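Residue numbers (our numbering): 1 to 282. These notes are about the structure you will find just below.
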Amino acid sequence: MQLVIISGKGGTGKTTIAASFAYLSENSIKCDCDVDASNLHIVLGGEDIKSEPYIGAKVAHVDGDKCTLCRACEDMCRYDAIKDGVVDELKCEGCAACTVVCDYDAIKMEDEVTGDTIITKTSKGILSRAQMIVGAEGSGKLVTDVRKNALSYGSKDDMYILDGTPGVGCAVMASVTGCDIALIIVEPSQSGLNDFKRVLSVVEFFEIKPLVCINKYDINEEVTKDISAYCEAKNIDLIGKIPFDTTVEKSINELKPIVLYENSMVAKEIKNIWKKLNDYTK
């Protein structure tokens, strides 16, 4: 069973909820698919037991001994990545067009390390994650590798909890593909409702069962009613409404899952949501 927690935009509280689920589910395998800003390990702690470089792109390299400075590659490059036989690696898109027009076999495409895949052993089980180099691309492919690494530590019968990527881009699609349930975290604002509808369309396209949770529902109860009505019209289960609580800020500052704060209304509601989720995963 694979459960992915996603949201239509960043800042909805997705990782706060995902970290709580990861803490509550001691026997599950955790997977941080938000590779552009991986932070689940900060909350869960633990020790890195495996790390491998990730080859996420290819970059052109010019052999100065073979290059005649004919500038055919410079004329061909649509990204202005080559000048006077020197490649600007930040501009190179790895399209390899320069290798096609070079008559002197002076340009080769070489692998580029864009990050690392990491396995972390936490007190609550295995966490598969990644760390991308700042400005690197290819997060969708990296998400797929992070998920494959997680699967290698369990079987198809195990519970996998995935902290997905916000938005509707390539990394989101890589996060939800093949999952059984997608819990969508929504914030009660007009833009939040629109973002929810967009990410829901991705979930529906991949034929994954959607469930919905409204975070900080009481800061705008009018929009909360609109979201609830939309879910009812679409026959989507709304399994939780989390209130606003300043204890969440405290938990973030102290790097602890919010569910450890027993007197917090947020902690109580997240635990209730987790119980409801267990009914769907049986």
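In this text, a Cβ means the ideal position worked out from N, Cα and C, and glycines have one as well. These numbers come from a predicted model, not from an experiment.
Contact between D180 and K209 holds, with the beta-carbon distance rounding to 7 Å and staying under 8 Å. Your pair K108 and H61 checks out as a contact, with CB atoms roughly 6 Å apart and the cut at 8 Å. By the 16-neighbour rule on beta-carbons within 10 angstroms, P53 is exposed. Inside the stretch 194-245, DSSP marks whole beta strand (DSSP E) runs of 3 or more residues at positions 209-215, 237-242, from first to last along the chain. A Cβ-Cβ contact shorter than 9 Å links S7 with P166.
When DSSP reads this structure, P53 sits in a beta bridge with D116. Annotation for Y23: the continuous alpha helix (DSSP H) segment containing it runs 14-24. Sequence-distant Cβ neighbours of D88 in its own chain, meaning closer than 7 Å and more than five residues away, are A81. Note on the stretch 130-174: whole alpha helix (DSSP H) runs with a minimum of 4 residues are 139-151, in chain order. Annotated three-state conformation of D279 is helix, per DSSP. Annotation for V100: the continuous alpha helix (DSSP H) segment containing it runs 97-101. The beta-carbon separation of L3 and A22, rounded to 10 Å, does not stay under the 8 Å limit for a contact.
At a Cβ-Cβ threshold of 9 Å, T117 and S28 do not count as neighbours. Distance from the Cα of V172 is smallest, within the candidate group V202, S191, I185, for V202. Note on L69: under 16 other CB atoms within 10 angstroms of its CB, so exposed under the neighbour-count rule. Apart from the 5 residues on each side of it in sequence, V266 sits with its Cβ closer than 7 Å to the Cβ of I242, P243, D245, T247, V248, I258 in its chain, given in chain order. Taking each of E47, D84, K148, R78 in turn and checking the Cα distance to G178, the smallest one comes out for K148.
The beta-bridge partner set that DSSP reports for E110 consists of V59.
Taking a C-beta distance under 9 Å as the contact criterion, G192 and T12 qualify as a contact pair.
As a beta-bridge residue in DSSP terms, D32 pairs with D163. For V43, the enclosing alpha helix (DSSP H) begins and ends at 40-44.
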